[in-house]
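Q: Got a structure here, written out as structure tokens. Questions coming.
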Amino acid sequence: MKKVQFLLVLILITIGSVIAQVTDKDEHRASVALKHGAHRLGRRTDADMETWRNYGLGQFIHWGLYAIPGGHWKGKYYPGAAEWIRSWNDMPKEDYDNLYKQFDPKNFNPTAWAKQAKDMGVKYMIITTKHHDGFCLWPSKYTSYTIANTPYKKDIIKPLVDAYNAVGIDVYLYFSIIDWNHQGYRASIQNQKDSVAYKSFKVFVRNQMKELVTMYPTTKGFWMDGTWDKAWIDQAEFVDDLDKELRAMSPGLIIGSRFRADENGKRHFDTNGDLIGDYEQGWERNIPENIEVLKGNDWDCVMTIPENQWGYHSDWRGYVKTSYELIEMLVKCRALDGNFVLNFGPDSQGNIRPEETRVGQEIGDWMKENSEAIYGCKYSELKKPDWGYYTQKGNNLYLIIFNKPINNVLRVTLPRSYNRKPVKAYFLAGQKPLGLTRVIPGLNKETNKYFDVTLPSGYAPDKPFVIVLELQDSKSENDSNQPSKI
Ligand code: FHN
């Protein structure tokens with residue numbers, strides 16, 4: 047009898063723990079059955095996605111006809127984002143739609159762009175194949191509104207893909223669903239006529255996306271945009287099918303959360319709260335404050351150097367970020383497991399503006415010494431310290447310092463349960479060893495362990511710097527209360 051009771055208790059405990067695990071894992075999920083929601087829970091685990099995850103730093107390029115007016119029309123300053131100038135009442139639509147007759151970027155040098163990106167430390171690049179104006183930088187056979195019908199005539203995308211690939215930078219294609227040039231495009235469907243028109247637009251989108259994958263087979267994915275219109279959101283089945291079709295054509299293809307909506311019109315996250323697509327694309331000119339809001343998903347942040355300007359605007363007004371601010375944004379993204387993508391808007395001749403070139407060089411100079419703390423690094427699972435950020439790769443914990451403490455001592459606070467022990471500290475640049483001390487300050491003894499890294503006296507860097515803290519597994523931790531040199 048006792049044996050039976052024991053078995054019963056055992057069975058109940060096992061069932062209970064299975065239920066608890068399922069509930070834990072699926073905590074944020076409702077249980078709505080969806081046909082076009084997320085097709086995977088949690089992160090992608092394949093090699094292509096791991097490559098994406100390890101990039102760290104990307105470059106965005108917004109280039110198109112909007113570079114010709116450069117934020118001005120007939121002497122008037124356009125206060126919006128340069129690439130939106132066509133939507134401005136002061137610029138007649140017809141004038142904009144004829145700009146293609148002038149597009150002739152004599153100085154376009156894809157090799158020089160790629161070299162500049164390489165020198166900056168960029169690992170992937172996203173190019174606007176087509177922005178909201180509908181103009182195509184590639185010779186699409188599905189519209190005449192393309193580069194082929196400009197005085198320049200030649201494809202822009204192929205030489206760019208080739209030049210970037212040649213220096214080891216992966217290329218992704220930005221593609222806007224909003225298309226102000228296509229007859230069938232609608233923001234919403236109001237009547238039967240709209241519905242017929244939109245059908246033709248969907249065929250066009252499908253053809254163009256398939257064309258891009260076919261023409262530029264080394265591209266790694268799409269960076270989708272302009273997908274917030276009701277008309278597009280309502281196409282859950284069509285977009286899901288297209289998504290599958292593209293992935294079948296190009297195995298490993300990476301597409302973020304801006305492409306599809308589920309059948310209830312939910313974008314980015316489906317009705318159950320699960321991420322749609324391969325990574326979260328919601329961080330535009332914005333960086334999450336903590337890891338919790340990311341719910342374990344991959345993500346990228348796309349950022350402008352000036353305020354909200356993506357395409358070329360000849361007159362940047364308002365605040366322009368410094369290189370060190372941008373480096374801090376990059377580090378903040380890496381510390382939270384995301385990629386940071388910095389935007390460039392070349393002018394109508396194909397020149398990258400001097401302000402962007404300078405920022406690119408300054409970031410590149412910093413990356414030359416410190417990129418080990420960026421590429422392939424992960425969230426450290428440690429609380430953000432006041433002096434900067436942590437990133438981690440294998441046994442190395444990187445301390446990236448933006449606010450050097452006045453006493454030249456960097457305190458590293460580890461939870462008591464942390465089972466790795468700091469054994470060595472040194473500057474990443476130059477590898478100079480640094481003093482490392484275990485400290486027991488008598489505070490929070492129950493929850494934390496403290497280690498101090500001491501900087502050389504008089505050390506006064508004029509830029510953010512990185513210290514490597516080597517970790518060792520420490521299963522049999524000696525929790526002596528005495529401070530000790532390591
Ligand atoms: O409207 C566009 C904008 O012009 C720019 O392309 C950015 C880049 O992320 N995306 C859209 C706004 O979300």
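Quick note: the sequence shown uses the working numbering, first residue 47, plus one each step.
Virtual Cβ for every residue (Gly too), placed ideally from N, Cα, C.
Please determine if the region 154-171 and the region 180-189 are in contact, where contact requires at least 3 C-beta pairs separated by less than 8 Å.
A: Counting Cβ pairs under 8 Å, fewer than three are found: no touch.
Q: Say the cut is 8 Å; is the CB of Asn389 nearer than that to a heavy atom of the ligand FHN?
A: Position 343 of the sequence shown, counted from the start, is the residue given in the question as residue 389. Asn389 Cβ: within cutoff of the ligand FHN.
Q: Nearest-angstrom Cα distance between Ile373 and Trp345?
A: Working through the sequence shown from its first residue, we reach residue 373 at position 327. Working through the sequence shown from its first residue, we reach residue 345 at position 299. About 18 Å.
Q: Which whole-angstrom value is the C-beta distance of Val405 and Ser360, which I expect to be below 8 Å?
A: Taking the sequence shown and counting its residues from 1, the one referred to as residue 405 is at position 359. Taking the sequence shown and counting its residues from 1, the one referred to as residue 360 is at position 314. That pair is no contact at about 17 Å.
Q: Give me the Cα-Cα distance between Arg380 and Trp269, rounded to the nearest whole angstrom.
A: For the purposes of this step, residue 380 is taken as residue 334 along the sequence shown, with counting starting at 1. For the purposes of this step, residue 269 is taken as residue 223 along the sequence shown, with counting starting at 1. The straight-line gap from Cα to Cα measures roughly 20 Å.
Q: For Gly410, I'd like the list of residues in its chain whose CB is within less than 7 Å of its CB, leaving aside the five on either flank, ordered along the chain.
A: Counting from one through the sequence shown, the residue named residue 410 turns up at place 364. Result list for Gly410: Asp165, Met166, Gly167, in chain order.
Q: What are the complete alpha helix (DSSP H) segments, minimum 4 residues, inside the region 387-425?
A: Runs of the alpha helix (DSSP H) inside the region 387-425: 400-416.
Q: Should His394 be labelled buried (16 or more other beta-carbon atoms within 10 Å of its own) or exposed?
A: The residue labelled residue 394 in the question sits at position 348 within the sequence shown. Checking the sequence shown, residue 394 turns out to be Ser, not His. The residue in question, Ser394, is buried, as its Cβ has 16 or more Cβ neighbours within 10 Å.
Q: State the Cα-Cα distance for the pair Val469 and Ile452, rounded to the nearest angstrom.
A: Counted from its first residue, the sequence shown places residue 469 at position 423. Counted from its first residue, the sequence shown places residue 452 at position 406. Rounded to whole angstroms, Val469 to Ile452 spans 24 Å at the Cα level.
Q: Pairs of beta-carbons, one from the region 192-202 and one from the region 145-153, closer than 8 Å: are there three or more?
A: Contact holds: three or more Cβ-Cβ distances are below 8 Å.
Q: Identify, in the order they occur along the chain, each residue of the same chain with its Cβ nearer than 7 Å to the Cβ of Asp72, setting aside the five sequence neighbours on each side.
A: As a working mapping, residue 72 is identified with position 26 in the sequence shown. Because the pLDDT of Asp72 is 45, which lies under 50, any placement of that residue in the model is unreliable, and the number read from its coordinates should be weighed accordingly. Within the same chain, Asp72 has no close Cβ partners at all.
Q: Given this structure, state the Cα-to-Cα distance separating Ser303 from Asp289, to the nearest angstrom.
A: Start at 1 with the first residue of the sequence shown, and residue 303 comes out as number 257. Start at 1 with the first residue of the sequence shown, and residue 289 comes out as number 243. When rounded, the distance between both Cα atoms is 11 Å.
Q: Would you report the Cα separation of Glu326 and Ile333, rounded to the nearest angstrom?
A: Here residue 326 refers to the residue found at position 280 of the sequence shown. Here residue 333 refers to the residue found at position 287 of the sequence shown. Their Cα atoms are separated by approximately 12 Å.
Q: I'd like to know whether the C-beta of Ala233 is nearer than 9 Å to at least one C-beta of chain B.
A: Although the question refers to chain B, the structure presented lacks it and comprises just one protein chain.
Q: Compute the distance between the beta-carbons of Met349 and Leu388, then report whether it is under 9 Å.
A: One-based indexing of the sequence shown puts residue 349 at position 303. One-based indexing of the sequence shown puts residue 388 at position 342. Taking 9 Å as the Cβ cut-off, Met349 and Leu388 qualify as a contacting pair.
Q: When every heavy atom of the ligand FHN is checked, does at least one fall within less than 8 Å of the C-beta of His314?
A: By 1-based counting over the sequence shown, the position of residue 314 is 268. Not so, every heavy atom of the ligand FHN lies at least 8 Å from the Cβ.
Q: Taking only three categories from DSSP, how would you classify Lys161?
A: Here the question's residue 161 lines up with position 115 in the sequence shown. Residue state, collapsed to three classes: helix.
Q: Determine the contact status of Tyr220 and Ile173, defining contact as a CB-CB distance below 9 Å.
A: Against the sequence shown, residue 220 aligns to sequence position 174. Against the sequence shown, residue 173 aligns to sequence position 127. The answer is yes: Cβ separation under 9 Å.
Q: Output the distance between the C-alpha atoms of Asp208 and Val455, rounded to the nearest integer angstrom.
A: Counting from 1 along the sequence shown, the entry for residue 208 is found at position 162. Counting from 1 along the sequence shown, the entry for residue 455 is found at position 409. Their backbone Cα atoms lie some 48 Å apart in a straight line.
Q: Can you list, in chain order, the residues of its chain whose CB lies under 6 Å from that of Lys439, leaving out five sequence neighbours each side?
A: Position 393 of the sequence shown, counted from the first residue, corresponds to residue 439. Here the set comprises Gly422, Cys423.
Q: Does the beta-carbon of Pro502 have 16 or more other beta-carbons within 10 angstroms, so that it is buried, or is it exposed?
A: Position 456 of the sequence shown, counted from the start, is the residue given in the question as residue 502. Exposed, because fewer than 16 other Cβ atoms sit within 10 Å of the Cβ of Pro502.
Q: In whole angstroms, give me the CA-to-CA distance for Val217 and Gly267.
A: In the sequence shown, the residue the question calls residue 217 occupies position 171. In the sequence shown, the residue the question calls residue 267 occupies position 221. Approximately 8 Å, taken between the alpha carbons.
Q: CB Gln407 to CB Lys467, shorter than 9 Å?
A: As a first step, residue 407 is located in the sequence shown; it is residue number 361 there, counting from the start. As a first step, residue 467 is located in the sequence shown; it is residue number 421 there, counting from the start. The answer is no: Cβ separation not under 9 Å.
Q: Can you tell me whether Asp70 is buried or exposed? The criterion is at least 16 other CB atoms within 10 Å of its CB, across all chains shown.
A: In the sequence shown, counting from the first residue as 1, residue 70 sits at position 24. Unreliable positioning characterises Asp70 in this predicted model, as indicated by a pLDDT of 40, which lies under 50. A coordinate reading is not provided.
Q: Write down every uninterrupted run of the alpha helix (DSSP H) in the region 271-354 whose length is 4 residues or greater and which is fully enclosed by it, in chain order.
A: List check, alpha helix (DSSP H) in window: 276-279, 282-295.
Q: Determine, using beta carbons only, whether Lys176 and Asp141 come nearer to each other than 9 Å.
A: Within the sequence shown, residue 176 is the residue found at index 130, counting from 1. Within the sequence shown, residue 141 is the residue found at index 95, counting from 1. Against a cut-off of 9 Å, the Cβ pair of Asp141 and Lys176 comes out as no contact.
Q: List, from N- to C-terminal side, the alpha helix (DSSP H) runs of 4 residues or more that fit wholly inside the region 203-245.
A: You should have 203-212.
Q: DSSP three-state label for Met255, please.
A: Position 209 of the sequence shown, counting from 1, holds the residue named residue 255. Correct three-state label for Met255: helix.
Q: Counting only the same chain and skipping the five closest in sequence on each side, list residues whose C-beta sits under 7 Å from that of Ser520.
A: Position 474 of the sequence shown holds residue 520. Cβ within range, chain order: Asn465, Arg466, Lys467.
Q: Label Ala212 either buried or exposed according to how many other C-beta atoms from any shown protein chain fall within 10 Å of its C-beta, with 16 as the threshold for buried.
A: The residue given as residue 212 occupies position 166 in the sequence shown. Classification for Ala212: exposed.
Q: Along the chain, where does the beta strand (DSSP E) containing Thr189 start, and where does it finish?
A: To locate residue 189, count along the sequence shown from 1; it is residue 143. Here Thr189 belongs to no beta strand (DSSP E), and DSSP marks it neither H nor E.
Q: Is the distance from the Cβ of Gly357 to the Cβ of Glu129 below 9 Å?
A: For this step, residue 357 is matched to residue 311 along the sequence shown. For this step, residue 129 is matched to residue 83 along the sequence shown. In contact: Gly357 and Glu129 (Cβ atoms closer than 9 Å).
Q: Cutting at 8 Å between CB atoms, please list the residues of its own chain near Leu3, excluding the five before and the five after it.
A: The first residue shown for the chain is 47 and the last is 532, placing residue 3 beyond what the model contains.
Q: CB-CB under 7 Å to Thr260, same chain, minus the five flanking residues each way: which ones, in chain order?
A: Against the sequence shown, residue 260 aligns to sequence position 214. Cβ neighbours of Thr260 beyond the five flanking positions: none.
Q: Which residues does DSSP list as the beta-bridge partners of Tyr435?
A: Numbered from its first residue, the sequence shown carries residue 435 at position 389. Tyr435 pairs with Ile446.
Q: Mark Glu338 as exposed unless 16 or more other C-beta atoms lie within 10 angstroms of its C-beta, in which case mark it buried.
A: Working through the sequence shown from its first residue, we reach residue 338 at position 292. Glu338 comes out exposed.
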